[in-house]
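Trainee: One structure follows; several queries about it will come next.
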Amino acid sequence: MASWETVIGLECHVELNTQTKMFCGCRNVFGAEPNTNTCPVCMGHPGSLPVPNAEAIRRIVKIGLALDSAIAPHSLFHRKNYFYPDMPKNYQISQYDLPICVGGHLDIDLADGSTKRVGITRVHMEEDTGKTTHGSESGRIHEAEYALIDYNRAGVPLVECVSEPDMRTAEEAAAYLRELRATLEVLDVSDVKMEEGSLRCDANISVRPPGSEVLGTKVEIKNMNSIRSLERALLYEAQRQIQTMEAGERLVQETRHWDEGSGMTTSMRSKEEAFDYRYFPEPDIPPLEPSDGWVEEIRATLPELPRARRLRYEALGVRSEVVRVLVADRTSVMLFEGAVAAGADPAPAATWITQDVAALRNETGSDGALTARHVADIVRLVADGTVSGAGAKQALADAFSSGAGIPEIVERLKLRQVSDTDTLGTFADEVIDEHPDVVEKFRGGKDGVIGFLVGQLMQKAGGAANPKVAQELLRERLRG
Amino acid sequence: MTELCDLTGAELSAKLASGAVSAVEVLESSLGRADAIDDRVGAFLTRTPELALERAEELDVYRATGAPLSPVAGIPTALKDVFTTNGVRTTCASLILENYVPPYDSTAWARLSGDGAVLVGKTNCDEFAMGSSNENSAFGPVHNPWDPTRVPGGSSGGSAAAVTAGEAVWALGTDTGGSVRQPASLCGVVGLKPTYGLISRYGLIAFASSLDTVGTLTRSVRDAATLLSTLGGKDPRDATSLDGDRLDYTAGLDDGVSGLRIGVVAEASGEGVEPGVRAAVGAAVDRLAALGADIAEAHLPHAEYALSAYYLIAPSECSSNLARYDGVRYGFRAGGAHADSIAMMSETRGQGFGAEVKRRVMLGTYALSAGYYEAYYGQAQKVRTLIIRDYETAFEGFDMLVSPTSPTTAFPIGAKVDDPMAMYLNDIFTIPANLSGMPAISVPCGTDAQGLPVGLQLTAPVLGERTLLRAASALEADLGLDLRPPVLA
Ligand SMILES: [Zn+2]
Chain A
1 MASWETVIGL ECHVELNTQT KMFCGCRNVF GAEPNTNTCP VCMGHPGSLP
51 VPNAEAIRRI VKIGLALDSA IAPHSLFHRK NYFYPDMPKN YQISQYDLPI
101 CVGGHLDIDL ADGSTKRVGI TRVHMEEDTG KTTHGSESGR IHEAEYALID
151 YNRAGVPLVE CVSEPDMRTA EEAAAYLREL RATLEVLDVS DVKMEEGSLR
201 CDANISVRPP GSEVLGTKVE IKNMNSIRSL ERALLYEAQR QIQTMEAGER
251 LVQETRHWDE GSGMTTSMRS KEEAFDYRYF PEPDIPPLEP SDGWVEEIRA
301 TLPELPRARR LRYEALGVRS EVVRVLVADR TSVMLFEGAV AAGADPAPAA
351 TWITQDVAAL RNETGSDGAL TARHVADIVR LVADGTVSGA GAKQALADAF
401 SSGAGIPEIV ERLKLRQVSD TDTLGTFADE VIDEHPDVVE KFRGGKDGVI
451 GFLVGQLMQK AGGAANPKVA QELLRERLRG
Chain B
1001 MTELCDLTGA ELSAKLASGA VSAVEVLESS LGRADAIDDR VGAFLTRTPE
1051 LALERAEELD VYRATGAPLS PVAGIPTALK DVFTTNGVRT TCASLILENY
1101 VPPYDSTAWA RLSGDGAVLV GKTNCDEFAM GSSNENSAFG PVHNPWDPTR
1151 VPGGSSGGSA AAVTAGEAVW ALGTDTGGSV RQPASLCGVV GLKPTYGLIS
1201 RYGLIAFASS LDTVGTLTRS VRDAATLLST LGGKDPRDAT SLDGDRLDYT
1251 AGLDDGVSGL RIGVVAEASG EGVEPGVRAA VGAAVDRLAA LGADIAEAHL
1301 PHAEYALSAY YLIAPSECSS NLARYDGVRY GFRAGGAHAD SIAMMSETRG
1351 QGFGAEVKRR VMLGTYALSA GYYEAYYGQA QKVRTLIIRD YETAFEGFDM
1401 LVSPTSPTTA FPIGAKVDDP MAMYLNDIFT IPANLSGMPA ISVPCGTDAQ
1451 GLPVGLQLTA PVLGERTLLR AASALEADLG LDLRPPVLA
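Residue numbers (the numbering used here), protein chains in the order written: chain A, 1 to 480; chain B, 1001 to 1489.
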């Protein structure tokens, strides 16, 4: 069977979480009562006019800068004309041949440890539409008797980010989408929740014989509501296309709909049925002409981007698997940065945060009273042997709920380990005297019984002995 | 006998300020005139006498405190029915908006209303401001007060007729290709189209956004200056409105034309201009020379392409602007069961729009289609650039340009309805100012052999309103015309 190369490009739509909508003063919030956040402008009333939201423009410039796009010194809004009931003006204010962010790239890390650069074609600004709910007795769309439209989402600032067709596997596409989401998250420009639709993704996919420079017939897939469903849809669609080609049939250029339940894509419309959007420059909005100074001001506010952060953490000695878990969560990153700043050894700090702290947060569904200071103290006291691993876990749990300082907790719960060799040496001598039979077994080659002797010593020390030191002292004596 | 409603806004404002008359008396005069003759003129689609009376009474109470009044306060005002008025039906003279009541005020009306102007009603016009005779209204034509068998011009025909007949002291219109100036010319009143962007378009129901301009219809040039002083200035709700505060445009109005360089547009004096129009405009230009202006011939070499460019750009924008009238959220919705929402939308539009609107929507949809865009819309935009350059070149040698406003005087109702091209030619001299965004004004300059008014158009560079008004005022004072339409006799 011949092998095929899959070519994938993604078009992502990102709702910005600005206070107000793109072209009017209505509140921009998810989940409000239907049609409560509307006004003459976003309802497309006669005579109303759009005025661009300066904060939204600032945010798309921020996104463009994070993706290394060029910020166009002159860009235009265009009208994209088509009739649809949830689009109040029956045109969408969008951008066409002069988008605000041009070119760029996003580097993604793959499971095999390699890095791949995915090109960004453009990032442009537009407005979202309303939401239609079809209703009928039967509840089936094609038997719908009425449609209810909620215009709360109409006019919400929407950023469209188009990638080059640079991805070759579903895994790469998923990694790209994850990286884009993480980037948008640190930029603090969007809620990026795929389940709420604040991040949406369509895919263009084609297959071709390896080595071919020509792109195959392109299919657009819509309706993938998670990264997992993007991956599944691409795997399915690549197989479908390859099977079609190998059966000697022709592929049609079309838009297909991903069905999560059946795990299949089905045809929505062919190229011939595609809309003619009759784009023309939006006469109600003057050109966008950001000054270099303004763009540089925004650049200066850019936070450290996820990939740069991952590389920095790895350079600090944190294992890459741990880094991935760490950076995926904002609170974890804050605890880690704080603990390292307080002098904690980065690798164990990362482990504590991604394991024990994460477990406590999961159990309680909260961040508790824990601070970076607590984490730093735990790491330090374990490293210098003041507390055992088990003691540290106990102290951490206490700090998580009480907020008390770790040194105070260690004293209160008597978690301090005895490492003093004089005291422990006396206990060791006593244990050897009291268990001659076990000592006999050990000397006869049964090394495993050392654990029993350590346990006996621990009892005498009231559980506070440093087990490592205890074992060393016992072995020293038994050898002698 | 001259009644209160026949006075200018400036004259009435002085009487109100001195206490010689009350706002209620002024209003009742205008309302009485409309009661008496509007069945013959048909200027209004909606009259608002109760609201007006309430307003006038409030103003009289306020006036009694001795507080200073704005020069628009207490003046009976009419609005073309394309300006949104909160709570007052706004139809665009279209079935599709027959029962539409806007939830907000247009900025233009909000500014006038805020300064105390009194709304007497919403005036008839061509449907969605598309037309030059007011015959495209879904609710019937407007009759020219000079001769009820003739058109008042369009599309702001109702506003022009109402002001001419004393049913309102002044009115707002909109001018996309001449829709304020041409009816002003045909009705014998003053029509001002300011620089594009000087007056906010917020709440002006769009026909062609890059050309639509709020304009005024008044009985004197001074009244035009007064209204512009209230209406002008940046509006944060209109991204295309120009930066700048409100200015007083009545300042320097009487400074005369001495030394002004005025160019007579050669391309606007050839064939197609009626002899009566040519004679009246020629005589007025001679008066300008006598008043001290330097007169010479000027050229706008690309003016001949203006009409074609306009009839691509305006319909293209209109096809998109009018897409929102679909029966989903407001306005008319076609009755009966519909196969789906798209069918409901097209049946609504099919029944709700009139023939001229459909003609332009289809023309514009075609011009913007894939494969035709460059040849039509793109090319038209290039012509637009050439026309702007023509004006810039002309204004290097002249302070303003003069031409007839319209090639004809008022023509009989029905004369051109079957010939869209003949109808479109009405706007041949007014369209270039819309394509270029320059301010222009039509002032009455005499009558033709049939006694019908003739208008003269002055055009100035961008934001040249002060010079424009000053020259118009000088001509008005010199000619001293007393244009009283026979309907009032
Ligand atoms: Zn809104």
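Beta carbons are placed, not taken as given, at the ideal position from N, Cα and C, and that holds for glycine. Computed from a predicted model, the values in this text were never measured in an experiment.
#1: Answer with yes or no whether the minimum CB distance from P1102/B to chain A is below 8 Å.
#2: Thinking A350/A and V322/A are a contact (beta carbons under 8 Å), I'd like their distance in whole angstroms, please.
#3: Can you name the residues of chain A whose CB is closer than 7 Å to the CB of L1204/B?
#4: Determine which residues of the stretch 1248–1261 of chain B have a Cβ less than 8 Å from any Cβ of chain A, and write them out in chain order.
#5: Taking all protein chains shown into account, decide if I149/A is buried (16 or more other Cβ within 10 angstroms of its Cβ) or exposed.
#6: Tell whether a beta-carbon distance below 8 Å holds between R153/A and D128/A.
#7: Between the stretch 258–288 of chain A and chain B, which residues of the former have a C-beta closer than 9 Å to a C-beta of the latter?
#8: Taking A147/A as the query, report the chain B residues whose CB atoms sit under 7 Å from its CB, ordered along the chain.
#9: Go to C1318/B, then tell me how far its alpha helix (DSSP H) extends in each direction, as first and last residue.
#10: Rounding to the nearest angstrom, what Cα-Cα distance links C1445/B and A1296/B in this structure?
#11: Quick one: measure Cβ to Cβ for R1329/B and M43/A, integer angstroms, because I've assumed they're closer than 8 Å.
#12: Is K21/A near ligand 1, with its Cβ less than 7 Å from a heavy atom?
#13: Counting only the same chain and skipping the five closest in sequence on each side, list residues whose C-beta sits under 8 Å from that of T38/A.
#14: Which bits of chain A does A1370/B rub up against, with CB to CB less than 7 Å?
#15: Taking 7 Å as the cut-off, is the beta-carbon of V156/A closer than that to any non-hydrogen atom of ligand 1?
#16: Would you say Y96/A faces chain B, with C-beta separation under 8 Å as the test?
#17: Are the Cβ atoms of A341/A and H374/A separated by less than 8 Å?
#18: To the nearest whole angstrom, what separates the beta carbons of S1179/B and S1155/B, a pair I think is in contact under 8 Å?
#19: Please classify S332/A: is it buried, with 16 or more other beta-carbons within 10 angstroms of its beta-carbon, or exposed?
#20: Ligand 1 heavy atoms versus the CB of T255/A: any closer than 7 Å?
#21: Whose CB is closer than 5 Å to a heavy atom of ligand 1? List the residues in chain order.
#22: Am I right that V1281/B and V1142/B are in contact with their C-beta atoms under 8 Å? What's the rounded C-beta distance?
#23: If you draw a straight line from the C-alpha of F1128/B to the C-alpha of D1223/B, how long is it?
#24: Based on DSSP bridge pairs, tell me the residues matched to C101/A.
#25: With a threshold of 8 Å between beta-carbons, can P1315/B be considered close to chain A, or not?
#26: Could you check the C-alpha separation between G1272/B and F1411/B for me, to the nearest Å?
#27: What does the Cβ neighbour count give for Y1377/B, buried or exposed, with the cut at 16 atoms within 10 Å?
#28: Got a sec? Which residues, its chain only, sit under 8 Å from N1321/B by beta carbon, not counting five neighbours each side?
#29: DSSP three-state call for Y313/A: helix, strand or coil?
#30: Pull up the distance between the alpha-carbon of N1136/B and that of M1130/B, whole angstroms please.
#31: Using beta carbons (cut-off 8 Å, strictly below), is F83/A in contact with chain B?
#32: Does the beta carbon of G44/A come closer than 8 Å to any beta carbon on chain B?
#33: Using a Cβ-Cβ cutoff of 7 Å, what residues of the stretch 20–41 of chain A are near chain B? List them in chain order.
#34: If I205/A sits next to A247/A, beta carbons under 8 Å apart, how far is it from one beta carbon to the other, in whole angstroms?
#35: Is it right to say E1028/B is buried, meaning 16 or more other beta carbons lie within 10 angstroms of its own, or is it exposed?
Mentor: So, from the listed chains and residues:
#1: Under the Cβ distance rule, P1102/B counts among the residues neighbouring chain A, one pair being separated by less than 8 Å.
#2: With a Cβ gap of about 5 Å, A350/A and V322/A count as contacting.
#3: Those within 7 Å of L1204/B in chain A are G47.
#4: Cβ contacts with chain A come from no residue of the stretch 1248–1261 of chain B.
#5: Buried.
#6: In this structure, D128/A lies closer than 8 Å to R153/A by Cβ.
#7: If the cut-off is 9 Å between Cβ atoms, the stretch 258–288 of chain A has D276, Y277, R278, Y279, F280, P281, E282, P283, D284, I285 and P286 near chain B.
#8: Correct list: S1341.
#9: Per DSSP, the continuous alpha helix (DSSP H) segment holding C1318/B begins and ends at A1306 to N1321.
#10: Their Cα atoms are separated by approximately 19 Å.
#11: Correct: roughly 6 Å between the Cβ atoms.
#12: Distances between the C-beta of K21/A and the heavy atoms of ligand 1 include at least one below 7 Å.
#13: For T38/A, where only same-chain residues beyond five positions count, the Cβ hits under 8 Å are C26, Y151, N152 and A154.
#14: Under the 7 Å cutoff, chain A gives D276.
#15: With a cutoff of 7 Å, V156/A does not count as near ligand 1, since its C-beta is closer than that to no heavy atom of the ligand.
#16: Not an interface residue.
#17: Not in contact: A341/A and H374/A (Cβ atoms no closer than 8 Å).
#18: Right, the Cβ-Cβ distance comes to about 4 Å (below 8 Å), so this counts as a contact.
#19: Residue environment analysis places S332/A among the buried positions, since at least 16 neighbouring C-beta atoms fall within 10 angstroms of its C-beta.
#20: No, the Cβ of T255/A stays beyond 7 Å of every heavy atom of ligand 1.
#21: In chain order, the hits are C24/A, C26/A, C39/A, V41/A and C42/A.
#22: Wrong, their Cβ atoms sit about 25 Å apart, outside the cutoff.
#23: C-alpha separation (whole angstroms): 26 Å.
#24: Paired residues: I71/A and V123/A.
#25: It does not: the Cβ of P1315/B has no partner Cβ on chain A nearer than 8 Å.
#26: Going by the C-alpha atoms only, they are around 14 Å apart.
#27: So Y1377/B counts as buried.
#28: Non-local beta-carbon contacts of N1321/B in its own chain, meaning distances under 8 Å to residues more than five positions away in sequence, involve A1206, F1207, A1208 and S1209 in chain order.
#29: In the structure shown, Y313/A sits in a helix (DSSP, three-state: H, G or I).
#30: Going from the Cα of N1136/B to the Cα of M1130/B covers about 7 Å.
#31: Taking Cβ atoms only, chain B reaches closer than 8 Å to F83/A, which makes this a yes.
#32: So yes, G44/A belongs to the interface.
#33: Cβ contacts with chain B come from P40.
#34: Rounded, the Cβ-Cβ distance is 18 Å, inconsistent with contact.
#35: Burial is judged here by how many other beta carbons sit within 10 angstroms of a residue's own beta carbon; E1028/B has at least 16 and is buried.
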